[in-house]
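**Q** Below is the structure I would like to discuss, written out as structure tokens.
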Amino acid sequence: MAGHGAGDGRSPPSPLEESVARGSSRSHSRALRRRATVRAVAALLLCGAAVPSCASTSEHRPDRAKSASARQSALEAAAAAEAAAKKKAAAARLLPGMPPPLDSHDLYAADRPGKLARAVKDFPSRVYVPNTLSDTVSVIDPKKFKVVRTIRVGHQPQHVVPSWDLKTLWVNNDLGNSLTPIDPASGRVGRPVDVHDPYNLYFTPDGKYAVVMASRDRALVFRNAHTMKVIKSVPVDCYGVNHADFSPDGRYFIVSCEFSGELLKVDTAKKKVVAKQRLPIAGAMPQDVKISPNGKTWYIADMVANGVWVLNGDTFGKPRLLPTGKGTHGLYVSRDSRSMYISNRGEGTISVLSFKTGKLVRRWRLPGGGSPDMGGVSSDGKVLWLSGRYNAEVYAIDTRDGRLRARIPVGGGPHGLAVYPQPGRYSLGHTGIFR
40 MAGHGAGDGR
50 SPPSPLEESV
60 ARGSSRSHSR
70 ALRRRATVRA
80 VAALLLCGAA
90 VPSCASTSEH
100 RPDRAKSASA
110 RQSALEAAAA
120 AEAAAKKKAA
130 AARLLPGMPP
140 PLDSHDLYAA
150 DRPGKLARAV
160 KDFPSRVYVP
170 NTLSDTVSVI
180 DPKKFKVVRT
190 IRVGHQPQHV
200 VPSWDLKTLW
210 VNNDLGNSLT
220 PIDPASGRVG
230 RPVDVHDPYN
240 LYFTPDGKYA
250 VVMASRDRAL
260 VFRNAHTMKV
270 IKSVPVDCYG
280 VNHADFSPDG
290 RYFIVSCEFS
300 GELLKVDTAK
310 KKVVAKQRLP
320 IAGAMPQDVK
330 ISPNGKTWYI
340 ADMVANGVWV
350 LNGDTFGKPR
360 LLPTGKGTHG
370 LYVSRDSRSM
380 YISNRGEGTI
390 SVLSFKTGKL
400 VRRWRLPGGG
410 SPDMGGVSSD
420 GKVLWLSGRY
430 NAEVYAIDTR
440 DGRLRARIPV
450 GGGPHGLAVY
460 PQPGRYSLGH
470 TGIFR
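Counting from 40, one number per residue, gives the positions in the sequence shown under our numbering.
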């Protein structure tokens, strides 16, 4: 017994002490194991958050990530290639030589407020009003809302038309059988050019040809866009060709025939009428023609049907009528491409159509009445200018609320006035169709 603790002076532990010691050791070991486990889990969580691949169960994630990234890159490359192919195919469909649309979903993307081309940015802002009964053009200063000049021109001027290159305004002296050029930069009036029966004037999207709407001659006359030399005269068997607009690709244009109630579809490159249809109402008198921003829908004003015909130009099928008001006449697109202003000459109102819904959303009535006819929208998009055909006046209408801002006296029988300059890269003619 004596030898049991010999040499250290300590007594041997009791059974109870041995039990307590063993329990304490086991608790300490468990605590150490728990702390180690917590530290390991924390490390794994931290590792997983910072570098997912460091966990043993995720050792193949880098390959999967690389593979996903490669697939995404391949998809993006394929989408880009498809977009490029579509763009190339669309360009191939365009009339050769015409500028491609800025936006395939909006033909009027170049017509945003104040977006004047370099060729016209320094031109003074004016409104040019052809007076058919006075053989004059009244020139209005839009800031002063007053006539600042009167120009003598040929007999029965019908429209003032911006040239394709934007540098010249052509006054269409219909019964005078001439075009009077005006330099919008200086206001200088040039020598009249002999052109027979120029009721209205358009330009092909490639800028090569002027197309004279020879109403009495019953012809579409293709001329050199600069010299006005005849290239080809295309006879038509309808009566009263007067207004037109071009397809998004420039390959065809649609023409209204006022006196026979018909529409023509013309192949631009071939200079040939390829289709014709009679509007489905007795006595129809189609007027202005305008295509929607997305290029899918055509609108043709009809002053007898008292509304606009809605047409698919590609199929050239039977159109449907959207009533707007008495004596529907002129069609003008807003600067944001969301709306179209429709003049109802017979009742002194302007209807506003939403391109998004295809429905009329507002109607503005001229106080005291009037005869709103042809015109255009100001460069900033805030004012709609329309001639008062039977009232020897011009109307300046606020496009925000339809308020009449000014009623300006001009010569007799004012017709196709031109607001100039306007935004756009080139002109397709009439009183200003810009793209």
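Note that beta-carbon positions come from the ideal geometry of N, C-alpha and C, so glycine has one too.
What would DSSP say about aspartate 150, mapped onto helix, strand or coil?
**A** Here aspartate 150 sits in helix by DSSP.
**Q** Which two residues bound the contiguous beta strand (DSSP E) that contains alanine 340?
**A** Unbroken beta strand (DSSP E) run through alanine 340: 337–341.
**Q** So for lysine 125, helix, strand or coil by DSSP?
**A** Reduced to three states, the DSSP call for lysine 125 is helix.
**Q** Starting from the Cα of leucine 141, find the closest Cα among Leu134, Ala149 and Pro135 and give me that residue.
**A** Measuring from the Cα of leucine 141, the nearest candidate turns out to be Ala149.
**Q** Once you ignore the five residues that flank proline 52 on each side, which residues in its own chain have a CB closer than 6 angstroms to its CB?
**A** Here the model assigns proline 52 a pLDDT of 44, short of 50, so the residue's position is not dependable and the matter cannot be decided.
**Q** Kindly provide the ranges of any beta strand (DSSP E) runs that are 3 or more residues long and lie completely inside the region 361–430, ordered along the chain.
**A** Counting whole runs of 3 or more residues, the region 361–430 contains the beta strand (DSSP E) stretches 367–372, 378–383, 388–393, 399–404, 411–416 and 422–427.
**Q** Compare the Cα-Cα distances from tryptophan 479 to each of Pro135, Ile389 and Ala321 and report the closest residue.
**A** Lying outside 40 to 474, the shown extent of the chain, residue 479 is not represented and no answer is given.
**Q** Should leucine 114 be labelled buried (16 or more other beta-carbon atoms within 10 Å of its own) or exposed?
**A** Under this definition leucine 114 is an exposed residue.
**Q** For a minimum of 3 consecutive residues, which ranges assigned as the beta strand (DSSP E) are wholly contained in the region 289–333?
**A** With a minimum length of 3 residues, the continuous beta strand (DSSP E) runs that stay inside the region 289–333 are 291–296, 301–306, 311–317 and 325–330.
**Q** My output table needs one value for aspartate 353: the three-state DSSP class, helix, strand or coil.
**A** Here aspartate 353 sits in coil by DSSP.
**Q** With distances taken from CA atoms, which of Asp233, Lys309, Ala120 and Ile339 is nearest alanine 323?
**A** Per the Cα distances, Ile339.
**Q** Can you tell which of Pro406, Ser143, Arg439 and Asp306 has the C-alpha that lies nearest to the C-alpha of alanine 273?
**A** Per the sequence shown, the amino acid found at residue 273 is valine instead of alanine. Nearest C-alpha to valine 273: Asp306.
**Q** Would you list the one or two residues that DSSP bridges to serine 228?
**A** What sits at residue 228 in the sequence shown is valine, not serine. DSSP output for valine 228 lists Ile221 as bridge partner(s).
**Q** Spatial neighbours of threonine 207 within its chain, please: C-beta separation below 6 angstroms, excluding the five flanking residues on both sides.
**A** Around threonine 207: Pro220.
**Q** Measure the C-alpha to C-alpha separation of aspartate 419 and arginine 374 and round it to an integer number of angstroms.
**A** For aspartate 419 and arginine 374, the distance between alpha carbons rounds to 8 angstroms.
**Q** Measure the beta-carbon distance from glycine 450 to serine 173 and round it to whole angstroms, keeping in mind my assumption that it falls under 8 angstroms.
**A** Their Cβ separation, rounded to whole angstroms, is 3 angstroms, which keeps glycine 450 and serine 173 in contact under 8 angstroms.
**Q** Measure the Cβ-Cβ separation of glycine 387 and aspartate 327 and say whether it is below 8 angstroms.
**A** No, they are not a contact pair.
**Q** For the region 172–256, list the beta strand (DSSP E) runs that are entirely contained and at least 3 residues long, ordered along the chain.
**A** If we require 3 residues or more, the beta strand (DSSP E) runs fully inside the region 172–256 come out as 175–180, 185–191, 196–201, 208–212, 217–221, 239–242 and 248–253.
**Q** Counting Cβ pairs, one atom from each stretch, are 3 or more of them under 8 angstroms apart for the region 462–474 and the region 407–427?
**A** Counting Cβ pairs under 8 angstroms, three or more are found: they touch.
**Q** Pairs of beta-carbons, one from the region 159–169 and one from the region 254–273, closer than 8 angstroms: are there three or more?
**A** No, the region 159–169 is not in contact with the region 254–273.
**Q** Output the boundary residues of the beta strand (DSSP E) element that contains proline 140.
**A** No beta strand (DSSP E) holds proline 140; DSSP gives it neither H nor E.
**Q** Does the structure place the region 395–412 close enough to the region 429–443 that three or more beta carbon pairs sit under 8 angstroms?
**A** Touching, yes.
**Q** Quick test of your reading: lysine 245 and glycine 215, contact by CB under 8 angstroms. State the CB separation rounded to the nearest angstrom.
**A** Reading the sequence as shown, one finds aspartate at residue 245 and not lysine. About 29 angstroms separates the two Cβ atoms, so there is no contact after all.
**Q** Using the beta-carbon count (16 or more within 10 Å), is threonine 354 buried or exposed?
**A** It counts as exposed.
**Q** State the Cα-Cα distance for the pair arginine 384 and asparagine 333, rounded to the nearest angstrom.
**A** Cα to Cα, the separation comes out at about 27 angstroms.
**Q** Determine the closest residue to arginine 401 out of Asp440, Val372, Ser376 and Leu425, with distance taken between C-alpha atoms.
**A** Nearest of Asp440, Val372, Ser376 and Leu425 to arginine 401, Cα basis: Asp440.
**Q** What's the C-alpha gap between alanine 308 and phenylalanine 261?
**A** Their Cα atoms are separated by approximately 11 angstroms.
**Q** List the whole-angstrom C-beta distance separating valine 234 from serine 254, where the pair is believed to meet the contact cut-off of C-beta under 8 angstroms.
**A** Contact flag wrong, Cβ pair sits at about 13 angstroms.
**Q** Counting only beta-carbon separations shorter than 8 angstroms, does proline 332 have a partner in chain B?
**A** No chain B appears in this structure, which consists of one protein chain only.
**Q** By Cβ distance, which residues of its chain are closer than 7 angstroms to leucine 133, with the 5 residues on each side in sequence left out?
**A** Answer for leucine 133: Pro139, Asp288 and Gly289, listed in chain order.
**Q** Can you look up arginine 442 in the DSSP assignment and give me helix, strand or coil?
**A** Coil.
**Q** Look at histidine 194 and histidine 469 and say whether their C-beta atoms are less than 8 angstroms apart.
**A** No.
**Q** What is the DSSP secondary structure of serine 466, reduced to helix, strand or coil?
**A** Strand.
**Q** Mind checking who proline 287 pairs with in its DSSP beta bridge?
**A** Looking at the DSSP assignment, proline 287 forms no beta bridge with any residue, so it has no partner.
**Q** Nearest to aspartate 236 by CA position, among Ser225, Met252 and Ala131, is which residue?
**A** Aspartate 236 has its Cα closest to that of Met252, out of Ser225, Met252 and Ala131.
**Q** Is serine 225 buried or exposed, if buried means 16 or more other CB atoms sit within 10 Å of its CB?
**A** So serine 225 ends up on the exposed side.
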